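*Asks:* Here it is: the structure, laid out below.
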């Protein structure tokens, strides 16, 4: 079908596909950041129930090395802060990609004269793609 489209429309479709890939990558990164944040917050909460004199260890590569309570707490708080900032950044990036996608999709619909709304925001298929 793309062979019948003007070159500008084909370019817009390729850009939409690129944005869709970017959106998927950002979603995966966001999910990983959310998971890491939850894990770090849970560890920090657990740390509060541990006696400060308890021997603790932390991962350094493949090794476990002894650490003290204050250092463990500081490391976890720093990790939580870093992941919160990372998550915020990814959410903004996700919004930007979504806005670019919607804008590009509108441009493509206008270019193809499909402003009638039959395809809806999902777009693929166009007129006659009822799914029945």
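In this note's numbering, the protein residues as written are 181 to 312.
Idealized CB from N, CA, C, for every residue including glycine.
If you're wondering where the values come from, they're calculated on a predicted model, not measured in any experiment.
1. Comparing alpha-carbon positions, which option in 198, 193 and 210 lies nearest residue 269?
2. Would you mind reading off the limits of the beta strand (DSSP E) that contains residue 287?
3. In whole angstroms, give me the CA-to-CA distance for residue 279 and residue 218.
4. Do the stretch 248-259 and the stretch 274-291 make contact, defined as three or more Cβ pairs closer than 8 Å?
5. Residue 205 to residue 277, Cα distance in whole Å?
6. State the beta-bridge partners of residue 244 as determined by DSSP.
7. Smallest Cα separation from residue 224: which of 266, 275, 260 and 271?
8. Which residues in the same chain as residue 213 place their Cβ atom closer than 7 Å to its Cβ, once the five residues preceding and following it in sequence are excluded?
9. Could you tell me how far apart the beta carbons of residue 220 and residue 281 are, in whole angstroms, since I believe they sit closer than 8 Å?
10. Is DSSP giving residue 218 helix, strand or coil here?
11. Should residue 193 be labelled buried (16 or more other beta-carbon atoms within 10 Å of its own) or exposed?
12. Please report how far the alpha carbon of residue 190 lies from the alpha carbon of residue 197, in whole angstroms.
*Replies:* According to the data block:
1. Within the chain shown, numbered from 1, the residue matching residue 269 stands at position 89. Among 198, 193 and 210, the Cα nearest to that of residue 269 belongs to 210.
2. The residue you call residue 287 lines up with position 107 of the chain shown. First-last for residue 287: 249-291, but that is the alpha helix (DSSP H), not the beta strand (DSSP E).
3. For the purposes of this step, residue 279 is taken as the residue at position 99 of the chain shown. For the purposes of this step, residue 218 is taken as the residue at position 38 of the chain shown. So the two alpha carbons sit approximately 28 Å from each other.
4. no
5. By one-based count along the chain shown, residue 205 stands at place 25. By one-based count along the chain shown, residue 277 stands at place 97. Going by the C-alpha atoms only, they are around 11 Å apart.
6. For the purposes of this step, residue 244 is taken as the residue at position 64 of the chain shown. Under DSSP, the beta-bridge partners assigned to residue 244 are 239.
7. As a working note, residue 224 is residue 44 in the chain shown. With distances taken between Cα atoms, residue 224 lies closest to 260.
8. Taking the first residue of the chain shown as 1, we reach residue 213 at position 33. Within the same chain, residue 213 has close Cβ partners 263, 266, 267 and 270.
9. The count along the chain shown starts at 1 and reaches residue 220 at position 40. The count along the chain shown starts at 1 and reaches residue 281 at position 101. Between residue 220 and residue 281, the beta carbon gap of about 31 Å keeps them out of contact (Cβ cut-off 8 Å).
10. Start at 1 with the first residue of the chain shown, and residue 218 comes out as number 38. Secondary structure at residue 218: helix, using DSSP grouped into helix, strand and coil.
11. As a first step, residue 193 must be located in the chain shown, where it is residue number 13. Its Cβ being crowded by 16 or more others within 10 Å, residue 193 is buried.
12. On the chain shown, position 10 is the one that residue 190 refers to. On the chain shown, position 17 is the one that residue 197 refers to. When rounded, the separation of the alpha-carbon atoms in residue 190 and residue 197 is 11 Å.
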